[in-house]
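Okay, structure first, notes after.
Residue numbers (UniProt numbering): 1 to 135.
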(Lines of atoms letter the chains of each structure in order from A and count residues from 1; the text may use other names and numbers.)
(Lines give C-alpha, C1' and ligand atoms only; values in the text may rest on other atoms or scores of the structure.)
Protein backbone atom coordinates (compact mmCIF):
# COMPACT_ATOMS: atom_id res chain seq x y z
CA UNK A 1 0.00 0.00 0.00
CA UNK A 2 2.78 2.42 0.95
CA UNK A 3 4.69 1.52 -2.21
CA UNK A 4 1.72 2.36 -4.46
CA UNK A 5 1.23 5.62 -2.60
CA UNK A 6 4.90 6.57 -3.00
CA UNK A 7 4.86 5.68 -6.71
CA UNK A 8 1.74 7.79 -7.24
CA UNK A 9 3.27 10.69 -5.34
CA UNK A 10 6.50 10.40 -7.33
CA UNK A 11 4.54 10.36 -10.61
CA UNK A 12 2.61 13.51 -9.62
CA UNK A 13 5.78 15.35 -8.65
CA UNK A 14 7.46 14.31 -11.91
CA UNK A 15 4.54 15.58 -14.01
CA UNK A 16 4.43 18.88 -12.11
CA UNK A 17 8.18 19.36 -12.48
CA UNK A 18 8.06 18.56 -16.20
CA UNK A 19 5.30 21.06 -16.92
CA UNK A 20 7.17 23.80 -15.05
CA UNK A 21 10.46 22.95 -16.75
CA UNK A 22 8.94 23.05 -20.24
CA UNK A 23 6.82 26.08 -19.44
CA UNK A 24 3.88 24.78 -21.46
CA UNK A 25 1.38 24.40 -18.64
CA UNK A 26 2.46 27.59 -16.88
CA UNK A 27 2.25 29.62 -20.10
CA UNK A 28 -1.22 28.32 -20.87
CA UNK A 29 -2.48 29.22 -17.41
CA UNK A 30 -1.02 32.74 -17.39
CA UNK A 31 -2.34 33.83 -20.77
CA UNK A 32 -5.87 34.22 -19.48
CA UNK A 33 -4.93 36.57 -16.63
CA UNK A 34 -2.69 39.05 -18.45
CA UNK A 35 -4.43 42.45 -18.38
CA UNK A 36 -5.02 44.09 -21.74
CA UNK A 37 -4.89 47.71 -20.60
CA UNK A 38 -2.08 50.24 -20.42
CA UNK A 39 -0.96 52.15 -17.37
CA UNK A 40 0.33 55.68 -16.95
CA UNK A 41 1.97 57.22 -13.93
CA UNK A 42 0.57 60.67 -13.17
CA UNK A 43 0.83 63.24 -10.42
CA UNK A 44 -1.50 62.58 -7.49
CA UNK A 45 -3.90 65.55 -7.29
CA UNK A 46 -4.16 65.05 -3.50
CA UNK A 47 -0.39 65.17 -2.88
CA UNK A 48 1.26 68.16 -1.23
CA UNK A 49 2.90 70.57 -3.67
CA UNK A 50 6.30 70.30 -1.95
CA UNK A 51 6.22 66.49 -2.11
CA UNK A 52 5.43 66.59 -5.84
CA UNK A 53 8.21 69.09 -6.61
CA UNK A 54 10.78 67.26 -4.48
CA UNK A 55 9.97 63.93 -6.20
CA UNK A 56 9.95 65.55 -9.64
CA UNK A 57 13.52 66.73 -9.02
CA UNK A 58 14.47 63.32 -7.61
CA UNK A 59 13.11 61.52 -10.69
CA UNK A 60 15.05 63.86 -13.00
CA UNK A 61 18.27 63.04 -11.14
CA UNK A 62 17.58 59.29 -11.08
CA UNK A 63 16.72 58.24 -14.60
CA UNK A 64 13.75 60.20 -15.95
CA UNK A 65 14.44 62.13 -19.15
CA UNK A 66 13.68 65.71 -18.20
CA UNK A 67 15.41 67.32 -21.20
CA UNK A 68 12.10 67.94 -23.06
CA UNK A 69 11.06 70.23 -20.19
CA UNK A 70 14.20 72.37 -20.37
CA UNK A 71 14.39 75.63 -22.30
CA UNK A 72 14.38 74.76 -25.98
CA UNK A 73 12.89 71.33 -25.32
CA UNK A 74 9.77 70.08 -27.06
CA UNK A 75 7.73 70.39 -23.85
CA UNK A 76 9.14 73.63 -22.47
CA UNK A 77 5.69 75.25 -22.51
CA UNK A 78 4.42 72.89 -19.82
CA UNK A 79 4.38 75.58 -17.16
CA UNK A 80 1.71 73.90 -15.08
CA UNK A 81 3.63 71.90 -12.47
CA UNK A 82 1.13 69.02 -12.49
CA UNK A 83 1.73 68.49 -16.20
CA UNK A 84 5.49 68.57 -15.74
CA UNK A 85 5.35 66.18 -12.79
CA UNK A 86 3.11 63.75 -14.65
CA UNK A 87 5.43 63.79 -17.66
CA UNK A 88 8.49 63.11 -15.49
CA UNK A 89 6.81 60.50 -13.27
CA UNK A 90 5.48 58.64 -16.31
CA UNK A 91 8.85 58.72 -18.07
CA UNK A 92 10.52 57.26 -14.98
CA UNK A 93 7.82 54.61 -14.57
CA UNK A 94 7.75 53.51 -18.23
CA UNK A 95 11.47 52.71 -18.16
CA UNK A 96 10.77 49.99 -15.57
CA UNK A 97 6.98 49.59 -15.31
CA UNK A 98 6.46 48.06 -11.92
CA UNK A 99 3.99 49.63 -9.46
CA UNK A 100 6.58 50.73 -6.89
CA UNK A 101 8.20 52.91 -9.57
CA UNK A 102 5.06 55.05 -9.57
CA UNK A 103 4.72 55.93 -5.94
CA UNK A 104 7.13 58.78 -5.28
CA UNK A 105 6.10 58.91 -1.64
CA UNK A 106 2.45 59.31 -2.53
CA UNK A 107 3.09 62.07 -5.09
CA UNK A 108 2.03 59.88 -8.03
CA UNK A 109 -0.59 57.27 -8.88
CA UNK A 110 -1.12 54.71 -11.62
CA UNK A 111 -4.07 55.19 -13.92
CA UNK A 112 -5.63 53.43 -16.89
CA UNK A 113 -6.98 56.76 -18.18
CA UNK A 114 -4.76 58.23 -20.90
CA UNK A 115 -3.93 61.63 -19.37
CA UNK A 116 -3.35 63.25 -22.75
CA UNK A 117 -6.96 62.52 -23.80
CA UNK A 118 -8.87 62.55 -20.52
CA UNK A 119 -11.31 65.12 -19.17
CA UNK A 120 -10.74 63.69 -15.70
CA UNK A 121 -7.29 65.25 -15.43
CA UNK A 122 -6.41 68.92 -15.32
CA UNK A 123 -3.47 69.03 -17.71
CA UNK A 124 -4.17 72.41 -19.22
CA UNK A 125 -1.13 72.77 -21.44
CA UNK A 126 -0.06 69.20 -22.07
CA UNK A 127 0.88 68.85 -25.73
CA UNK A 128 2.66 65.54 -25.79
CA UNK A 129 1.86 61.94 -26.24
CA UNK A 130 2.78 60.01 -23.13
CA UNK A 131 4.19 56.62 -24.03
CA UNK A 132 2.39 53.61 -22.68
CA UNK A 133 3.52 50.08 -22.05
CA UNK A 134 1.02 47.21 -22.36
CA UNK A 135 1.17 44.80 -19.46
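Glycine included, every Cβ here is placed at the ideal spot set by N, Cα and C.
Between the segment 60–70 and the segment 91–110, the count of C-beta pairs closer than 8 Å reaches three or more; the two stretches touch. With 16 or more other CB atoms across the displayed protein chains lying within 10 angstroms of its CB, residue 115 is buried.
By the neighbour-count criterion, in which 16 or more other beta carbons inside 10 Å mark a residue as buried, residue 100 falls on the exposed side.
Distance from the CA of residue 106 to the CA of residue 46, rounded to the nearest whole angstrom, comes to 9 Å. For residue 59, the closest C-alpha among the options 72, 86, 98 and 110 is that of 86. Rounded to the nearest whole angstrom, the C-alpha separation of residue 103 and residue 112 is 15 Å.
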